[in-house]
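Trainee:
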Amino acid sequence: MSADAVRYLVMPNPYLSDGVLDVRAVQPADIEAIRQWRNAQMDVLRQTAPISPEQQERYFAEHVWPQITSLEPSQVLVALERAGVLIGYGGLVHISWSNRRAEVSFLLTPELEKNTDELIALFSRFLDLMKQLAFEDLGLRRLCTETFEHRTRHVATLEASGFRCEGRLREHVLIDGKPTDSFTHGLLAVEWKNGQ
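The numbering used here numbers the first residue of the sequence shown as -6 and each following residue consecutively.
#1: Nearest to residue 5 by CA position, among 12, 187, 130 and 60, is which residue?
#2: Have a look at residue 102 and residue 81 and give me their C-alpha separation to the nearest angstrom.
#3: Please state the DSSP three-state secondary structure of residue 66.
#4: Please report the residue range of the beta strand (DSSP E) in which residue 140 lies.
#5: Verify the CB distance criterion: does residue 84 have a CB-CB separation below 9 Å to chain D?
#6: If you reduce the DSSP assignment to three classes, tell me which class residue 1 lands in.
#7: Hey, how far is the Cα of residue 132 from the Cα of residue 79?
#8: Rounded to a whole number of angstroms, what is the C-alpha to C-alpha distance between residue 20 and residue 72?
#9: Where are the beta strand (DSSP E) runs, 3 residues long or more, that stay fully inside the stretch 54 to 122, in chain order?
#10: What did DSSP end up calling residue 128 once you bin it into helix, strand or coil?
#11: Have a look at residue 89 and residue 143 and give me their C-alpha separation to the nearest angstrom.
#12: Below 8 Å, can you find three or more Cβ-Cβ pairs linking the stretch 101 to 121 to the stretch 138 to 154?
#13: Can you tell which of 70, 60 and 172 has the C-alpha that lies nearest to the C-alpha of residue 99?
#14: Taking C-beta to C-beta, are residue 7 and residue 22 nearer than 9 Å?
#15: If distances are taken between C-alpha atoms only, which option among 26, 49 and -1 comes closest to residue 62?
#16: Could you spell out the range, first to last residue, of the alpha helix (DSSP H) harbouring residue 188?
#17: Determine the DSSP secondary structure at residue 157, reduced to helix, strand or coil.
#18: Can you look up residue 146 in the DSSP assignment and give me helix, strand or coil?
#19: So what does residue 172 bridge to, in DSSP terms?
#20: Roughly how many whole angstroms lie between the Cα atoms of residue 134 and residue 53?
Now the structure itself:
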């Protein structure tokens, strides 16, 4: 990591790795690729309109970069790399420090999202790294997710990774004009520690 690289003050380790997947703070050079991935996969995100390059720059300038030095950022956005190549991003979002909880966010390149076996393997590895970051490094006590029902591979991977389905939000979102359910999943730090 270069001396001028963006690094979250709250992250004791600038890199987390399991030997295959590496995560590090999102860098300015990453945000255009992230914008393109988000625009190409709006059906799995809470995003309702394409993001322009200017909107992306403004969002990061106003909401991400100022939080890098915070001891209680509302989000910790990380880039996912495999063999030094950027393949996705995600992190911990909607962090509530008073309640010590966060939501897990995850998005791969559109090409990797289409490869079922690779997607499942990478998502599982990412979840393990986020558990380490949340529970060991940040001292959070709970992680949660929201997943649209058509992402069946993601739901199965969450459950295989120890997340429990906590509810189904019926017709919670409209995707291509069609009412779609969402699943909520959660994992407690104590469950994770007991399962290790």
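Glycine included, every Cβ here is placed at the ideal spot set by N, Cα and C.
Mentor: Reading from the atomic positions:
#1: 130
#2: 6 Å
#3: Collapsing the DSSP output to three states places residue 66 in coil.
#4: 135 to 141 is the extent of the beta strand (DSSP E) around residue 140.
#5: In the structure shown, chain D cannot be found, because there is only a single protein chain.
#6: coil
#7: Their backbone Cα atoms lie some 27 Å apart in a straight line.
#8: 8 Å
#9: 69 to 75, 78 to 89 and 94 to 101
#10: helix
#11: So the two alpha carbons sit approximately 28 Å from each other.
#12: yes
#13: 70
#14: no
#15: -1
#16: 182 to 188 is the span of the alpha helix (DSSP H), which, as asked, contains residue 188.
#17: Of the three classes helix, strand and coil, the one that applies to residue 157 here is strand, per DSSP.
#18: helix
#19: 167
#20: Distance from the CA atom of residue 134 to the CA atom of residue 53, rounded to whole angstroms, is 27 Å.
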